[in-house]
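Take the sequence shown: its letters are residues 61 to 191, numbered as in my numbering.
All C-beta atoms in this analysis are idealised placements derived from N, C-alpha and C, irrespective of residue type, glycine included.
No experiment lies behind these values; they were computed from the predicted model shown.
To start, the structure itself, in structure tokens.
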Amino acid sequence: MTSDSTTLTVVDIPEHCGNAPRKLVIRDFFVAFYSHAVDDVVGMLKDDVRWEVVGSKVLSGTAEVREWLLAAPGAVELKLHTVITHGTDCGADGTAIYADSSSTGFNHIILFAGHAKTAKIKEIRSYIIEQ
Numbered sequence: 061m062t063s064d065s066t067t068l069t070v071v072d073i074p075e076h077c078g079n080a081p082r083k084l085v086i087r088d089f090f091v092a093f094y095s096h097a098v099d100d101v102v103g104m105l106k107d108d109v110r111w112e113v114v115g116s117k118v119l120s121g122t123a124e125v126r127e128w129l130l131a132a133p134g135a136v137e138l139k140l141h142t143v144i145t146h147g148t149d150c151g152a153d154g155t156a157i158y159a160d161s162s163s164t165g166f167n168h169i170i171l172f173a174g175h176a177k178t179a180k181i182k183e184i185r186s187y188i189i190e191q
């Protein structure tokens with residue numbers, strides 16, 4: 061399976077993303093996620109990743125994540141309000157707007173498998189609210 065990424069306008073990214081290398085990784089991950097670049101997203105995940113969309117579903121492993129992402133629409137506009145990192149724990153919040161003019165507010169908590177810049181994501185908890 062391949063991904064068909066959509067054209068995504070990134071309206072706002074927090075200043076100083078360059079202060080911590082992991083902030084750039086998080087930014088790139090969410091640009092890939094919201095532009096529907098499924099292969100790029102899956103490539104950043106551990107094979108046994110656990111992704112909980114709070115109140116909706118729990119995905120286990122990259123195959124389930126890939127299936128979920130392929131069924132989801134890509135956004136056309138992304139605003140990242142905040143990217144926070146502390147060691148292997150990270151978070152980001154913002155807003156995504158879709159082609160049908162619907163939008164979601166989100167907060168994603170990400171846990172990396174290690175401290176290295178190349179460490180993969182082992183767990184994500186997503187809070188997604190339709191606006």
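Thr145 and Lys106 do not touch by the CB rule: their CB atoms are close to 18 angstroms apart, not below 8 angstroms. Judged by beta-carbon spacing, Val118 lies beyond the 9 angstroms limit of Arg126, meaning their Cβ atoms are not closer than that value. Within the DSSP bridge table, the entry for Glu137 names Thr69 and Ile157 as partners. Leu138 places its beta carbon less than 9 angstroms from that of Val91. Burial of Gly154 is indicated by the presence of at least 16 other C-beta atoms within 10 angstroms of its C-beta.
If you look at Lys83, you'll find it in the alpha helix (DSSP H) that goes Pro81 to Tyr94. Cβ-Cβ separation between Pro133 and Ala152: approximately 20 angstroms, too far for a contact (criterion under 8 angstroms). For Val118, the enclosing beta strand (DSSP E) starts and ends at Lys117 to Ser120.
Separation of Asp149 and Pro81 (C-alpha to C-alpha, rounded to the nearest whole angstrom) is 13 angstroms.
Judged by their CB atoms, Ser186 and Glu112 are nearer to each other than the 9 angstroms cut-off. The Cβ atoms of His168 and Ile157 lie no closer than 9 angstroms to each other. When DSSP states are grouped into helix, strand and coil, Val143 belongs to the strand group. Contact between Leu140 and Arg87 is confirmed by a C-beta separation of about 6 angstroms, below the 8 angstroms threshold.
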